[in-house]
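K.L.:
All you need for this note's numbering is the position in the sequence shown, starting with 1, plus 6.
Note that beta-carbon positions come from the ideal geometry of N, C-alpha and C, so glycine has one too.
Here the structure is a predicted model, which means the values were calculated and not measured.
Take a look at the following structure, please.
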Amino acid sequence: MDSFYTFIGDLLKFIFLLTPFFVLSVFLAMTEDLTPGQRKLLAVRTIFAALCVCMILFFFGNLIFKLFGITLDSFRIGGGILLLLSAIKLVNGVSDVKTKQDERDISVVPLAIPITVGPGTTGAILVLGAETATWEKKFFSCASLVLALFLLGIVLLSASLIERFLKKRGIVILSKLTGLILAALAAQMIFTGIQGFLPAP
7 MDSFYTFIGD LLKFIFLLTP FFVLSVFLAM TEDLTPGQRK LLAVRTIFAA LCVCMILFFF
67 GNLIFKLFGI TLDSFRIGGG ILLLLSAIKL VNGVSDVKTK QDERDISVVP LAIPITVGPG
127 TTGAILVLGA ETATWEKKFF SCASLVLALF LLGIVLLSAS LIERFLKKRG IVILSKLTGL
187 ILAALAAQMI FTGIQGFLPA P
């Protein structure tokens, strides 16, 4: 039962960390000249690239920490700050991404990185991967990450349908709400990291 709650909790975290409505809004803007079939193919490539990146970060986070001499609490603070900045951009509706389609393959850059797996999401995945000590918890956390990416893939595959249903204004509103929840997750990461540096009472 504890593993089930871990799975559900991690799944919800990853869903908000991946900011599906923000990714969708950028995806729609960058593929406005593509046909529905081309959009679906691009969505599959984007999710596959994001999955590869996430798996590397999740399973090799501890090794990265050791190689660079980074403590888990310091990365919590740094990752939380980056996540907070991403959340602020979501709430303010700011994007640094060029919104015109060109001849380059945009599935890996910028759609997978840094739109889907941005700096804040990277930090959160590294921290969660390092926190899961047992292989059982690591399996369920990994499964929740894969499922979250699968659900994001469904959203992107349904981009044309969602655009007709919600309109662009509705997507922007949902993206801002996601930003608010993301800000709360970032604040918790920063607070936990600071607690780790404080002396025990």
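1) I believe T3 touches L24 by the beta-carbon criterion, under 8 Å. Please report the beta-carbon distance rounded to the nearest angstrom.
2) When you compare the CB positions of I177 and I187, do they come within less than 9 Å of one another, or not?
3) Please classify G15 as buried or exposed, where buried requires at least 16 other C-beta atoms within 10 Å of its C-beta.
4) Return the first residue and the last residue of the alpha helix (DSSP H) that T198 is part of.
5) Determine the direct distance from the alpha carbon of L155 to that of G84, and round the result to whole angstroms.
6) Could you check if L183 is buried or exposed, using at least 16 other CB atoms within 10 Å of its CB as the buried criterion?
7) Between which two residues does the alpha helix (DSSP H) harbouring D8 extend?
8) Compute the Euclidean distance between the alpha carbons of L30 and V161, then round it to the nearest angstrom.
9) Taking all protein chains shown into account, do 16 or more other C-beta atoms lie within 10 angstroms of the C-beta of I53, making it buried, or fewer, making it exposed?
10) Cα-Cα, which of T140, L172 and T128 is closest to I70?
11) Who are the near neighbours of I119 in its chain, counting only those whose CB is closer than 8 Å to its CB and skipping five residues on each side?
12) Can you list, in chain order, the residues of its chain with a C-beta nearer than 6 Å to that of Y11? Leave out the 5 residues immediately preceding and following it.
13) DSSP state of F54, grouped into three classes?
14) Among V133, I200, R170 and Q201, which residue has its Cα nearest to the Cα of I62?
15) Along the chain, where does the alpha helix (DSSP H) containing E137 start, and where does it finish?
P.N.:
Looking at the coordinates:
1) Past the boundaries of the shown model lies residue 3; the chain is included only from 7 to 207, so the question cannot be answered.
2) The count along the sequence shown starts at 1 and reaches residue 177 at position 171. The count along the sequence shown starts at 1 and reaches residue 187 at position 181. In this structure, I187 does not lie closer than 9 Å to I177 by Cβ.
3) To locate residue 15, count along the sequence shown from 1; it is residue 9. Result: exposed.
4) Walking along the sequence shown from the start, residue 198 turns up at place 192. That run of the alpha helix (DSSP H) goes A165 to F203.
5) Counting from one through the sequence shown, the residue named residue 84 turns up at place 78. Counting from one through the sequence shown, the residue named residue 155 turns up at place 149. Rounded to the nearest angstrom, the two C-alpha atoms are 24 Å apart.
6) Taking the first residue of the sequence shown as position 1, residue 183 is located at position 177. By the 10 Å Cβ count, L183 comes out exposed.
7) Here residue 8 corresponds to residue number 2 of the sequence shown, with the count starting at 1. First-last of the alpha helix (DSSP H) with D8: D8 to L23.
8) Counting from one through the sequence shown, the residue named residue 30 turns up at place 24. Counting from one through the sequence shown, the residue named residue 161 turns up at place 155. Cα to Cα, L30 sits roughly 7 Å from V161.
9) As a working mapping, residue 53 is identified with position 47 in the sequence shown. Under this definition I53 is a buried residue.
10) The residue given as residue 70 occupies position 64 in the sequence shown. Of the listed residues, the one whose Cα sits closest to I70 is T128.
11) Taking the sequence shown and counting its residues from 1, the one referred to as residue 119 is at position 113. Correct list, in chain order: A55, A56 and V59.
12) Here the question's residue 11 lines up with position 5 in the sequence shown. If we look at Y11 and ignore the five residues flanking it on each side, it has no Cβ neighbours.
13) Residue 54 sits at position 48 when you count from the first residue of the sequence shown. F54 falls in the helix class under three-state DSSP.
14) Within the sequence shown, numbered from 1, the residue matching residue 62 stands at position 56. For I62, the nearest C-alpha among the options comes from V133.
15) Position 131 of the sequence shown, counting from 1, holds the residue named residue 137. Per DSSP, the continuous alpha helix (DSSP H) segment holding E137 begins and ends at P125 to E137.
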